[in-house]
Amino acid sequence: MDNGMDTRRTTRALATEAVHAGRDDLAGLGLHAPPIDLSTTYPSYDSRAEAARIDAFATTGAEPEGPPVYGRLGNPTVARFETALARLEGTEAAVAFASGMAALSAVLLVRASMGLRHVVAVRPLYGCSDHLLTAGLLGSEVTWTDPAGVADVLRPDTGLVLVESPANPTLAEIDLRAVAHACGSVPLLVDNTFATPVLQRPVEQGARLVLHSATKYLGGHGDVLAGVVACDEEFAGRLRQVRFATGGVLHPLAGYLLLRGLSTLPVRVRAASANAAELAARLAADPRVARVHYPSIGGAMVAFEVHGDPHEVIAGVRLITPAVSLGSVDSLIQHPASISHRIVDAGDRRDAGVSDRLLRLSVGLEDVEDLWSDLDRALGTQSTRPARSEAMAQG
1195 MDNGMDTRRT TRALATEAVH AGRDDLAGLG LHAPPIDLST TYPSYDSRAE AARIDAFATT
1255 GAEPEGPPVY GRLGNPTVAR FETALARLEG TEAAVAFASG MAALSAVLLV RASMGLRHVV
1315 AVRPLYGCSD HLLTAGLLGS EVTWTDPAGV ADVLRPDTGL VLVESPANPT LAEIDLRAVA
1375 HACGSVPLLV DNTFATPVLQ RPVEQGARLV LHSATKYLGG HGDVLAGVVA CDEEFAGRLR
1435 QVRFATGGVL HPLAGYLLLR GLSTLPVRVR AASANAAELA ARLAADPRVA RVHYPSIGGA
1495 MVAFEVHGDP HEVIAGVRLI TPAVSLGSVD SLIQHPASIS HRIVDAGDRR DAGVSDRLLR
1555 LSVGLEDVED LWSDLDRALG TQSTRPARSE AMAQG
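For the sequence shown, my numbering gives the first residue as 1195, with consecutive numbering after it.
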């Protein structure tokens, strides 16, 4: 969809792009805040021209030239967010969906439509991503491997290699450049939800597709559900066709909230990361904590294993919210083995490093001393014997 914006690449810094990308045309429109277009359909008095535009979309999936056609085909407000996210990730395009799982499903359907149903994946992944692949719900077949084994398990019908780095929930990191090289001509999809483009741009390391649960850091305030894939224009066209056919569209209000969220993304991620690094260091020195996982690239996520009962820690927090999801301005804590990764087979969970005593902490923007006070009190509620903490694990 042509929204009149100049999408040419510039040398603007990430912080500048976060504020201005997707808004380049506003001054010319006499506007300061991006408009919200809630229309589901649009008038057209030239049905022959409309038919030609729809035929063109059916052929290539390119955004129709001229005015919008129908909400399932595209929306100007959502397109602004897509333009901005593509600029931040350094890709030609981005395609937004109703959720991160809808976005991943669309990628799998694109490859399956080409007869490429086999997926190579590295654990751990987000629990529902793991389940979608393992259960074969979309007709896909998955081979699980470690990063070093990717090249050995590729097949003629392999359509995708899927990794998450830092991974959910252990924060394990992968050498993306090495994996991209091992993929050869098979597209590498990197779930970049935890890192965001502030800390990592996977296309610069050879990935072809970048997935986000935009519900998390991109939105940043716990009030929008969305997913997005950043990619080249050719793949974006196929994703738009799947989105049109399956209906996994993003609501315009969500697109508006996401665009607004991007404007503060660098500030939020860096501030929350500073808090997380401090908490990770304190947890690593605490005898009530067995192990801390914190990625070498930083970030606002911390995972830690306790000596005692993790459920007592969850029940003991008062400032931090015990809840699923992550990436909001407020801090959240959850027990992956009970919630986010409950759907993954228990043996597979443990093999991927997701122990029953692991807690995942999404660190927000509160004062770090208040956060530590809450964690310290909650850790004191667990039934455990004193033990020496292991060194902080990187990755």
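We treat Cβ as the ideally placed atom computed from N, Cα and C, and that holds for glycine.
Note that the structure is a prediction, hence the values are computed from the model and not measured.
Judged by DSSP secondary structure, Glu-1499 falls within the beta strand (DSSP E) whose first and last residues are 1495-1500. Around Thr-1205, the same chain offers no residue with a beta carbon nearer than 7 Å, after the five sequence neighbours per side are excluded. The alpha-carbon of Pro-1270 is positioned some 26 Å away from that of Gly-1521.
Runs of the alpha helix (DSSP H) lying entirely within the segment 1353-1382, each at least 4 residues long, are 1370-1377 in chain order. With a cut-off of 8 Å on Cβ pairs, the segment 1339-1356 is in contact with the segment 1295-1309, counting three or more such pairs.
Put simply, the backbone Cα of Cys-1322 is about 16 Å away from that of Val-1314. Our two residues, Ala-1243 and Tyr-1264, have alpha carbons roughly 14 Å apart in a direct line. Residue pairing by DSSP places His-1312 opposite Glu-1335 and Thr-1352 in a beta bridge.
Apart from sequence neighbours up to five positions away, the residues of its chain that approach Thr-1339 with a beta-carbon distance below 7 Å are Val-1314, Val-1316 and Val-1347, ordered along the chain. DSSP links Leu-1552 through a beta bridge to Glu-1499. Of the candidates Ser-1241, Gly-1260, Ser-1233 and Leu-1279, the residue whose Cα lies closest to the Cα of Glu-1211 is Leu-1279. The Cβ-Cβ distance between Leu-1412 and Val-1301 does not fall below 9 Å. Taking Ala-1430 as reference, the option from Leu-1208, Arg-1217, Gly-1224 and Thr-1254 with the minimal CA-CA separation is Thr-1254. Take Lys-1410, set aside five residues on each side of it, and the residues of its chain with a beta-carbon closer than 6 Å to its own are Thr-1387, Leu-1520 and Gly-1521, in chain order.
Taking the Cα positions, Val-1272 is about 7 Å away from Tyr-1450. The count of Cβ pairs closer than 8 Å, one atom from the segment 1473-1484 and one from the segment 1219-1231, stays below three, leaving the stretches out of contact. In this structure Ile-1508 does not touch Ile-1491 by the C-beta definition: roughly 27 Å separates them, more than the 8 Å allowed.
The three-state reading of DSSP puts His-1325 in helix, counting H, G and I together. The closest CA to that of Leu-1327, considering only Leu-1298, Val-1423 and Leu-1559, is found on Leu-1298. For Gln-1528, the enclosing beta strand (DSSP E) starts and ends at 1526-1528.
Counting the other CB atoms within 10 Å of its CB gives Leu-1573 a total of 16 or more, which places it among the buried residues. Looking at the DSSP output, Gly-1421 bridges to Phe-1291. For Leu-1331, the closest of Ala-1296, Pro-1229 and Leu-1208 by C-alpha to C-alpha distance is Ala-1296. At a Cβ-Cβ threshold of 9 Å, Val-1418 and Arg-1462 do not count as neighbours. Under the three-state reduction of DSSP, Asp-1385 is assigned to strand. In the structure shown, the three-state DSSP call for Thr-1575 is coil.
With respect to the 9 Å criterion, Val-1357 and Leu-1393 are not classified as neighbours on the basis of their beta carbons. Beta-bridge pairing by DSSP links Tyr-1264 to Thr-1235.
Just so you know, the alpha carbons of Glu-1428 and Val-1511 end up roughly 47 Å apart. Here the alpha carbon of Leu-1282 sits roughly 13 Å from the alpha carbon of Ala-1389.
Taking the Cα of Ala-1292 as reference, the smallest distance to any Cα among Arg-1482, Asp-1231 and Ala-1448 is reached at Ala-1448. Annotation: Ala-1517 is outside any alpha helix (DSSP H) and is labelled neither H nor E by DSSP. Ala-1287 sits buried, since 16 or more C-beta atoms from the chains shown fall within 10 Å of its C-beta. For Ala-1250, the three-state secondary structure derived from DSSP is helix. Its chain contains Ala-1376 as the residues whose beta carbon lies nearer than 7 Å to that of Ala-1345, once the 5 sequence neighbours on both sides are disregarded; these appear in chain order.
Between His-1226 and Leu-1365, the C-beta gap is not smaller than 9 Å, which leaves the two residues out of contact.
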